[in-house]
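Q: In my numbering, the protein residues as written are 15 to 312. Please find one structure pasted underneath; my questions will follow.
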Amino acid sequence: MGVDVILDGKALAREVRSRVKEKSLLFAERAGRRPLLRVVLVGEDPASIVYVRNKKSACDEAGIDCLDTILPGNVDTNAVATLVDDLNCDDKVDGILVQMPLPPQIDAARITEMIDPAKDVDGFTPWNVGLLSTGRASLLPCTPRGILTLLKHYSIETRGRNICVVGRSSIVGRPLANLLLASTDATVDVCNSHTRDLKAHVLQADIVVSAAGCPGLIRADMVREGTVVVDVGINRIPDPSRKSGYRLVGDCDFEALKGKAAAITPVPGGIGPMTVASLVENVLIAASIRAGVDIGAL
Ligand code: NAD
15 MGVDVILDGK
25 ALAREVRSRV
35 KEKSLLFAER
45 AGRRPLLRVV
55 LVGEDPASIV
65 YVRNKKSACD
75 EAGIDCLDTI
85 LPGNVDTNAV
95 ATLVDDLNCD
105 DKVDGILVQM
115 PLPPQIDAAR
125 ITEMIDPAKD
135 VDGFTPWNVG
145 LLSTGRASLL
155 PCTPRGILTL
165 LKHYSIETRG
175 RNICVVGRSS
185 IVGRPLANLL
195 LASTDATVDV
205 CNSHTRDLKA
215 HVLQADIVVS
225 AAGCPGLIRA
235 DMVREGTVVV
245 DVGINRIPDP
255 SRKSGYRLVG
265 DCDFEALKGK
275 AAAITPVPGG
285 IGPMTVASLV
295 ENVLIAASIR
305 AGVDIGAL
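Below you can see the structure in the form of structure tokens.
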């Protein structure tokens, strides 16, 4: 059996941004201003610069203002903390995003923990992490939100299904598992690099989500026919035929899995764009809650 569905995150992300734009216009009408995201970037990490550029252009398309502040790469924790403090106190700011990773001299946990939870559009503050596991969070971490939006859009049943999450990082695997536990009736299995016999776990899955950062980790012999495969991994592998010298691949053997999975996300064009679209949703949600403006369901 061949693959039935390529889960097109790029097209769905476009839909999400246009839905957010309609609601942003409504917000602006009712609040008298547009939603505002402030992005803090420290240093000049090339990947981070690209991520910030993508986030700004998604905001632009979604009717959201986005301003960035770039601090030199050698600043200390206090300099970043002072900026975050100012943004916390600025009533016009709806969302604060500190682009990770921060340079090693900066205490990233301290910075994350001091962001006002009402403006925490990454959903990484302890308060929002706690709300997520109680099932009451409004600001969900962007990648898990994007994955759930995609599963819902493609009417992929989760009730009673086995979902295997490969990876338990605090930005993807763990919040995704918590979100699935809190908002679906799936049975959730979370694997990590010490898991004995990963294949045995993945073979049990009706839906496998891989967020390990290991190209080729999920092979065709590890999934049953009809499994849904969600590939979160973004890995650069050398490719001399490209001008850049590399290409992006996920964690899953896409070509081989295409012949076996019921549905699969491509890399690029799957979860990456959904993550950015979820960020603009979060900014609008934060703005509407903070301003007390009812914009209806997203
Ligand atoms: P991380 O390095 O913080 O965590 C990786 C997790 O995978 C760890 O829990 C580790 O134990 C587990 N792991 C590693 N090797 C494994 C193996 N062989 N078997 C089982 N588990 C294994 O990474 P992260 O920040 O969560 O990112 C994971 C991947 O997802 C990366 O490729 C990253 O670029 C990508 N990512 C993509 C998006 C997106 O929007 N698509 C967002 C965030 C991260």
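Glycine included, C-beta positions come from ideal geometry on N, C-alpha and C. In this text, all values refer to a predicted model and were calculated from it rather than measured experimentally.
At 4 residues or longer, what runs of the alpha helix (DSSP H) sit wholly inside the region 151-224?
A: Listed in chain order, the complete alpha helix (DSSP H) runs (minimum 4 residues) inside the region 151-224 are 156-167, 187-197, 212-217.
Q: Starting from the C-beta of residue 16, find all residues in its chain whose C-beta is less than 8 Å away, skip the five residues before and the five after it, and write them out in chain order.
A: Only weak support exists for where residue 16 lies, its pLDDT of 46 falling under 50; the coordinates are left without a value.
Q: Give the DSSP-derived three-state secondary structure of residue 47 in the structure shown.
A: coil
Q: Would you mind reading off the limits of the alpha helix (DSSP H) that contains residue 142?
A: 140-148
Q: Round the Cβ separation of residue 238 and residue 212 to the nearest angstrom and send it over; I've been treating them as touching at under 8 Å.
A: Contact flag wrong, Cβ pair sits at about 15 Å.
Q: Which partner residues does residue 232 have in the DSSP bridge list?
A: 266
Q: Identify whether residue 246 lies in helix, strand or coil by the three-state DSSP scheme.
A: coil
Q: Measure the alpha-carbon distance for residue 127 versus residue 270 and round it to whole angstroms.
A: 42 Å
Q: With respect to 7 Å, is the separation between the Cβ of residue 231 and the closest non-hydrogen atom of ligand 1 below this value?
A: Yes.
Q: From this set, 259, 174, 268, which residue's C-alpha is nearest residue 229's C-alpha?
A: 268
Q: Can you have a look at residue 103 and say buried or exposed, based on whether 16 or more other CB atoms are within 10 angstroms of its CB?
A: exposed
Q: According to DSSP, simplified to helix, strand and coil, what is residue 311?
A: Three-state result, residue 311: coil.
Q: Write down the C-beta distance between residue 286 and residue 248 rounded to the nearest angstrom, noting that I regard them as a contact closer than 8 Å.
A: Right, the Cβ-Cβ distance comes to about 6 Å (below 8 Å), so this counts as a contact.
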